[in-house]
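Heads up: the protein sequence lines correspond to chains R and D, in order.
Note that the first sequence covers residues 23 to 414 in my numbering.
Note that the second sequence covers residues 23 to 414 in my numbering.
2 protein chains.
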Amino acid sequence: MSVRLQIEATRGSARTGKLITPHGEVETPVFMPVGTLGSVKGVSQDVLEELGVEILLGNTYHLFLRPGVETVRKMGGLHRFMSWDRAILTDSGGFQVFSLTDLRKVSDEGVAFRSHLDGSPHFLSPEKAMEVQIGLGADIIMAFDECTEYPADAARARASMELTVRWAGRCKNYFEEHKHEVPWARTESAELRSAGRTNASAPTRADQTQALFGIVQGGTDRELRRESADRTIDIGFPGYAIGGLSVGEPRDLTRDIVLSTLEHLPSDQPRYLMGVGTPEEIAHYAQSGIDMMDCVLPTRAARHGLLFTSEGKLSIKQARYAQDESALDPACDCRVCQRYSRAYLRHLYAANELLAQVLNTVHNLHYYMATMRTVRTWIRAGRAPATFVPRK
Amino acid sequence: MSVRLQIEATRGSARTGKLITPHGEVETPVFMPVGTLGSVKGVSQDVLEELGVEILLGNTYHLFLRPGVETVRKMGGLHRFMSWDRAILTDSGGFQVFSLTDLRKVSDEGVAFRSHLDGSPHFLSPEKAMEVQIGLGADIIMAFDECTEYPADAARARASMELTVRWAGRCKNYFEEHKHEVPWARTESAELRSAGRTNASAPTRADQTQALFGIVQGGTDRELRRESADRTIDIGFPGYAIGGLSVGEPRDLTRDIVLSTLEHLPSDQPRYLMGVGTPEEIAHYAQSGIDMMDCVLPTRAARHGLLFTSEGKLSIKQARYAQDESALDPACDCRVCQRYSRAYLRHLYAANELLAQVLNTVHNLHYYMATMRTVRTWIRAGRAPATFVPRK
C-alpha cells in the first residue's frame with residue numbers, strides 16, 4: 023500500500039487516526055499548510071517541524087514553472103530538494119491553470135496556457151500532470167481535474183464533471199504505468215544497493231509508491247456530485263477529494279454540498295476537502311468526517327497582518343495596538359505569543375519589517391495546528407465542541 | 023560603573039575579554055549585528071540568541087521616526103519592547119541625519135531635517151539625541167557627532183571636528199543630568215518595590231545607568247584625528263568610537279587612520295570602530311586592538327543573495343547553483359548549511375521567497391559571529407592568523 027488511513031476513533035461520521043505515508047505518519051483530521059514553491063513563506067523547515075506540521079502541500083503549477091520538474095527530479099524529488107522528510111501532497115495544477123482565465127484554452131486533450139511569469143506557452147494534460155507530479159515525488163498526488171467555476175449552469179456543470187471523470191481515468195492509467203519512476207524510490211534503491219542492503223527484509227521506502235487521489239466535481243448540484251463520486255470511485259483511488267468549492271459560492275451552499283458528497287465517499291479511505299478554510303470551517307468539517315484540508319488563509323492572512331486568536335480575528339496593523347503590552351493571544355502557547363507583545367508586532371508590521379511576516383505566519387499556523395489537535399481530542403473523547411468555535 | 027571592559031588576554035595591541043553591561047556580558051572583540059528598527063531583518067530573537075549574538079545595534083534615527091521614542095519608553099525601553107534581554111547599543115542618529123543631504127540643515131545648535139518617510143520636520147541636537155537615546159534605553163549610547171564627509175578639505179575637516187567636540191561636551195552634560203531617567207531603571211525599581219525587595223543587598227539593574235561613548239572625528243588627517251581623540255578624552259567617556267570612516271575613502275586610508283587613531287585611545291577602555299566591515303576587515307581590526315564593530319554588510323548583502331563562505335563570497339542567484347546539491351559552505355556548521363543545498367537556496371532567491379532572505383541572513387550572521395570567535399581564540403592563544411583570511 024502506498025498511503026492508507028488507519029482509523030482509531032470515530033464519533034458520528036467524524037473520525038481520527040493516522041494517515042500512513044512513505045514519509046511518516048500524519049495524525050488526522052489534518053490541516054496541511056501550503057508551501058507553494060517548496061517553502062511555507064517565511065518559515066524554515068525546523069520551525070514547521072516544531073509546530074507539529076506532518077504534511078505540507080506543494081503547488082504543481084508553480085513548481086512546474088520554478089524551479090521546474092527536471093531540477094526537482096534531479097535533486098531527488100521535492101522532499102530532498104527542500105530538506106523536508108515528512109509527508110507532502112501536490113495538487114494537480116488544475117486549479118491554478120483554470121485561474122489563468124485569459125491565458126488558457128481547454129480541450130478534451132488538456133489545457134494550453136501561458137505562464138503568469140513570462141507568458142511562455144505550456145500544456146498540461148492528465149498524462150503530463152501525472153508525469154510532473156511523479157517527478158516532484160510527493161507522497162500524495164492529485165488527478166488533473168477541471169475546477170468548475172461558480173456559477174455554472176446545469177449543462178456546463180455536467181460537461182465539466184464528465185471531462186474530470188474522463189481525465190481521472192487517463193490519470194490513473196498513466197500513473198499505474200509510471201508510478202515506479204518516483205525519484206525517491208530510485209534514489210533509495212541506489213543508496214541501498216551501494217550500502218549492500220538490497221536484501222534487507224524490512225520494507226523500505228523504495229518498495230513504496232505515491233498515492234493518486236481522485237477528485238469529485240459537479241458544481242453545486244447534489245445529484246451531479248453524487249454521480250461524480252460514484253464514477254470516480256468506479257475508477258478506483260486510494261483516497262478522494264472534494265474539489266471545486268470555495269470558489270465564490272455562499273458558505274451555506276459549500277457546507278450543503280460537502281455534507282451531501284461525504285455520504286457517497288468510502289468510509290475507510292481518506293477524504294480530502296480542498297481549499298478550506300477558516301478555523302471555524304476546518305473544525306466544523308473535521309467533525310463532519312473530512313480527514314484532510316488545505317488553505318492559504320492562515321499564511322496569506324498572516325502576511326497581511328490578519329491574525330487568528332482564541333478571542334477572534336485581530337488586525338495587527340491597527341493603531342490601537344501601538345502600545346498594547348499584552349500577548350497577541352494570551353491563551354496561546356506559541357513561540358510568538360510567549361515572547362512578543364502586540365505593540366512590537368504592530369510596530370514590525372507598520373514598519374514593513376520582514377520579521378512581521380515571519381512571526382505572524384508562525385502564530386497563525388500554530389493556531390490552525392492547535393485547532394486540529396483540539397478537534398482530534400474531541401473526536402477521540404466523544405465530546406461535543408461546546409466551547410470551541412472562536413468568536414468571529 | 024555602567025559599562026566596563028574586562029581584558030583577559032592581549033597580543034600586541036589586540037585584546038580579548040568581556041564588556042560588562044547592565045544586560046549581560048559581551049565577549050570582545052565583538053561584531054554587533056544591526057537591528058535598525060528593533061529587529062535584525064528577518065531573524066527572530068531566539069535565533070539571534072542561538073547564533074551567539076550578545077549585543078545588537080539599534081538606529082536612533084529610524085526608531086525616533088518609528089515607533090517613536092515615547093512608545094518605546096512607555097513599553098519599558100527597547101530591550102523590553104523587542105523582547106531582547108541582552109545588550110544593545112544605539113547610534114546617535116547623526117550618521118543617518120547627515121545622509122539626508124537634501125533634507126537637512128546643520129547649525130551649531132543641531133540639525134534640522136525632514137523624515138525620509140513623510141517629509142515631516144524634525145530637529146536633533148546633542149541634548150535631544152541624548153533624550154531620545156535615554157528613552158530608548160540601550161546599554162551603550164553614542165554622542166551626537168557630525169560625520170565628516172569624504173573628501174573634505176582641511177578647513178572643513180577641522181570645523182567639523184570642532185563641532186563634534188563641542189557637541190560631545192553638551193552630550194555629556196545632558197547625559198549626566200538625565201541618566202537616571204533610563205526606562206529600565208524605573209521599571210526595575212518599581213518591580214522591586216512591588217516585590218518588597220528594594221533593600222536587597224545585591225546590586226540590581228536599577229542601580230545602573232547607560233554608558234555614553236564619545237566619537238573621534240577628524241576626516242582623513244592623522245593629526246586632526248589625534249587632536250579629536252585628545253579633546254574627546256579630555257571631556258571623559260567610558261568608551262570611545264572611531265567615526266567618519268567607511269564613507270567612500272580608499273580602504274588603505276581607512277586602515278591608516280584607524281591604526282594611527284588607535285594609538286591615542288586609552289588602552290583600558292572599549293574602542294569601537296563604527297560601520298566596518300567585511301569579514302577580512304573585522305578580523306584585521308580586531309587583531310589591531312578594536313573591541314567593537316558594527317556593519318549592515320552581512321545582513322544587507324544576505325538580502326541581495328551575497329553570501330560569505332570559507333571559500334570566499336558567493337552570489338546565490340547564479341544559475342550555476344541551480345542543481346548544486348552541496349551545502350552553501352561545506353565548512354560551516356550553521357543551521358542553514360547543515361540542512362539546505364545551494365540548489366534550494368538558489369531556487370528560493372530566484373523565486374523571491376521570503377525564506378531566502380531569512381536563511382541567507384542567518385548564514386551570514388553565523389559567518390561573522392564565527393569569524394569573531396576565531397579571532398578571540400587566536401588572541402587568547404597568542405597565535406598568528408596564518409590560515410584565516412578568506413579568499414575574496
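Using N, Cα and C, we set each Cβ at its ideal position, and we do this for glycine too.
None of the values given here were measured: they were computed from a predicted structure.
Runs of alpha helix (DSSP H) lying entirely within the segment 299-349 of chain D, each at least 4 residues, in chain order: 301-308, 319-325
Tell me where the beta strand (DSSP E) around D:Q28 begins and ends. Working through the second sequence from its first residue, we reach residue 28 of chain D at position 6. Its beta strand (DSSP E) spans residues 26-33.
Can you pull the chain D neighbours of R:G64, defined as C-beta to C-beta under 7 Å? As a first step, residue 64 of chain R must be located in the first sequence, where it is residue number 42. Ordered by position in chain D, the residues that pass the 7 Å Cβ test against R:G64 are L376, L377, V380.
Only counting runs of 3 or more residues, tell me where the beta strand (DSSP E) segments fall wholly within the segment 149-215 of chain D, in order along the chain. 162-164
Buried or exposed (CB count within 10 angstroms, at least 16 for buried), R:G270: For the purposes of this step, residue 270 of chain R is identified with residue 248 of the first sequence, where counting begins at 1. Exposed, by the Cβ-count rule.
Can you say whether R:S114 is buried or exposed, counting buried as having 16 or more other CB atoms within 10 angstroms of its CB? For the purposes of this step, residue 114 of chain R is identified with residue 92 of the first sequence, where counting begins at 1. Per the 10 Å Cβ criterion, buried.
Looking at the secondary structure, which residues open and close the alpha helix (DSSP H) in which D:K63 lies? To locate residue 63 of chain D, count along the second sequence from 1; it is residue 41. Element bounds for D:K63: n/a, residue is neither H nor E.
At a CB distance below 7 Å, what residues from the segment 326-355 of chain D approach chain R? Give them in sequence order. A344, Q345, E347
Would you list the one or two residues that DSSP bridges to D:Y294? Working through the second sequence from its first residue, we reach residue 294 of chain D at position 272. Bridge partners of D:Y294: D:A263, D:M314.
Interface residues of chain R facing D:K96 [CB-CB closer than 8 Å]: Within the second sequence, the letter at position 74 stands for residue 96 of chain D. Ordered by position in chain R, the residues that pass the 8 Å Cβ test against D:K96 are Q345.
Buried versus exposed call for D:L139 [16 or more other C-beta atoms within 10 Å across all chains shown]: The sequence position of residue 139 of chain D within the second sequence is 117, counting from 1. Under this definition D:L139 is an exposed residue.
Pick helix, strand or coil for D:H369, following the three-state DSSP scheme. By one-based count along the second sequence, residue 369 of chain D stands at place 347. Note: D:H369 maps to helix in three-state DSSP.
C-alpha gap between R:P292 and D:R368, whole angstroms: Counting from 1 along the first sequence, the entry for residue 292 of chain R is found at position 270. Counting from 1 along the second sequence, the entry for residue 368 of chain D is found at position 346. Cα to Cα, the separation comes out at about 36 Å.
Mapping the DSSP letters down to three states, classify D:R126 as helix, strand or coil. Counting from one through the second sequence, the residue named residue 126 of chain D turns up at place 104. Of the three classes helix, strand and coil, the one that applies to D:R126 here is strand, per DSSP.
Hey, D:N382 and D:G334 are a contact pair by Cβ (cut 8 Å); roughly how many whole angstroms apart? The residue you call residue 382 of chain D lines up with position 360 of the second sequence. The residue you call residue 334 of chain D lines up with position 312 of the second sequence. Not confirmed; about 16 Å, so no contact.
Residues of chain R with CB under 7 Å from D:Y362, in chain order? Position 340 of the second sequence holds residue 362 of chain D. Within 7 Å Cβ-Cβ: S105.
For the segment 83-99 of chain R against the segment 157-176 of chain R, are there 3 or more C-beta pairs whose distance is under 8 Å? Two segments are said to touch when three or more pairs of C-beta atoms, one from each, lie closer than 8 Å; by this definition the segment 83-99 of chain R touches the segment 157-176 of chain R.
Which residues in the same chain as R:P148 place their Cβ atom closer than 6 Å to its Cβ, once the five residues preceding and following it in sequence are excluded? Translated into positions along the first sequence, residue 148 of chain R becomes position 126. Cβ neighbours of R:P148 beyond the five flanking positions: F166, W189, R192, C193.
Flag R:I42 as yes when its Cβ comes closer than 6 Å to any non-hydrogen atom of the ligand FAD, and as no otherwise. Although the ligand FAD was asked about, the structure shown includes no ligands whatsoever.
So, does the CB of D:T93 fall closer than 7 Å to a CB anywhere in chain R? As a working mapping, residue 93 of chain D is identified with position 71 in the second sequence. Judged by the 7 Å Cβ criterion, D:T93 is in contact with chain R.
Is the distance from the Cβ of D:I77 to the Cβ of D:M54 below 7 Å? For the purposes of this step, residue 77 of chain D is identified with residue 55 of the second sequence, where counting begins at 1. For the purposes of this step, residue 54 of chain D is identified with residue 32 of the second sequence, where counting begins at 1. Taking 7 Å as the Cβ cut-off, D:I77 and D:M54 qualify as a contacting pair.
Host alpha helix (DSSP H) of R:T254 (start-end): By one-based count along the first sequence, residue 254 of chain R stands at place 232. 244-257 is the span of the alpha helix (DSSP H), which, as asked, contains R:T254.
Can you name the residues that DSSP bridges to R:V238? Looking up residue 238 of chain R in the first sequence gives position 216. DSSP lists R:I264 as partners of R:V238.
So D:H202 and D:R248 are in contact, right, with Cβ under 8 Å, and what is the actual spacing, rounded? In the second sequence, counting from the first residue as 1, residue 202 of chain D sits at position 180. In the second sequence, counting from the first residue as 1, residue 248 of chain D sits at position 226. Rounded, the Cβ-Cβ distance is 35 Å, inconsistent with contact.
Closer than 6 Å by C-beta to D:R37: which residues in its own chain qualify, once you throw out the five before and the five after it? Chain order, please. Taking the first residue of the second sequence as 1, we reach residue 37 of chain D at position 15. Non-local beta-carbon contacts of D:R37 in its own chain, meaning distances under 6 Å to residues more than five positions away in sequence, involve I29 in chain order.
R:D313 and R:P51 look like a contact to me (Cβ under 8 Å); what is the Cβ gap, rounded to whole Å? Indexing the first sequence from 1 puts residue 313 of chain R at position 291. Indexing the first sequence from 1 puts residue 51 of chain R at position 29. At roughly 5 Å, the Cβ-Cβ gap stays under 8 Å, so R:D313 and R:P51 are in contact.
Length of the line joining the Cα atoms of R:V280 and R:N81: Within the first sequence, numbered from 1, the residue matching residue 280 of chain R stands at position 258. Within the first sequence, numbered from 1, the residue matching residue 81 of chain R stands at position 59. Spanning the two alpha carbons is a distance of roughly 23 Å.
Would you say D:Y196 reaches chain R, if we count a Cβ-Cβ gap shorter than 7 Å as a contact? Numbered from 1 along the second sequence, position 174 holds the residue referred to as residue 196 of chain D. It does not; no Cβ of chain R falls within 7 Å.
Secondary structure of D:E131, DSSP reduced to three states: For the purposes of this step, residue 131 of chain D is taken as residue 109 along the second sequence, with counting starting at 1. It is coil, neither helix nor strand.
If you draw a straight line from the C-alpha of D:L146 to the C-alpha of R:M296, how long is it? The residue you call residue 146 of chain D lines up with position 124 of the second sequence. The residue you call residue 296 of chain R lines up with position 274 of the first sequence. So the alpha carbons of these two residues sit roughly 56 Å apart.
Looking at the unbroken alpha helix (DSSP H) that takes in D:E92, where does it start and where does it end? Sequence index remark: in the second sequence, residue 92 of chain D carries index 70 (1-based). Counting along the chain, the alpha helix (DSSP H) containing D:E92 begins and ends at 91-96.
Determine, for D:P55, whether the minimum Cβ-Cβ distance to residues of chain R falls below 7 Å. Position 33 of the second sequence, counted from the first residue, corresponds to residue 55 of chain D. So no, D:P55 is outside the interface.
Taking the straight line between their C-alpha atoms, what separation do you get for R:G60 and R:L100? The residue you call residue 60 of chain R lines up with position 38 of the first sequence. The residue you call residue 100 of chain R lines up with position 78 of the first sequence. Going from the Cα of R:G60 to the Cα of R:L100 covers about 7 Å.
Taking R:T399 as part of the alpha helix (DSSP H), name the residues at either end of that continuous run. As a position in the first sequence, residue 399 of chain R is number 377, starting the count at 1. R:T399 -> alpha helix (DSSP H) spans 376-403.
Short CB-CB distance (under 7 Å) between D:A408 and chain R: Stepping through the second sequence from its first residue, residue 408 of chain D is reached at position 386. Below a pLDDT of 50, predicted positions are generally treated as unreliable, and D:A408, at 49, falls in that range; no measurement from the model is reported.
Quick one: which chain R residues come within Cβ less than 7 Å of D:Q239? Counted from its first residue, the second sequence places residue 239 of chain D at position 217. Here the premise fails: no neighbours, minimum Cβ distance about 30 Å.
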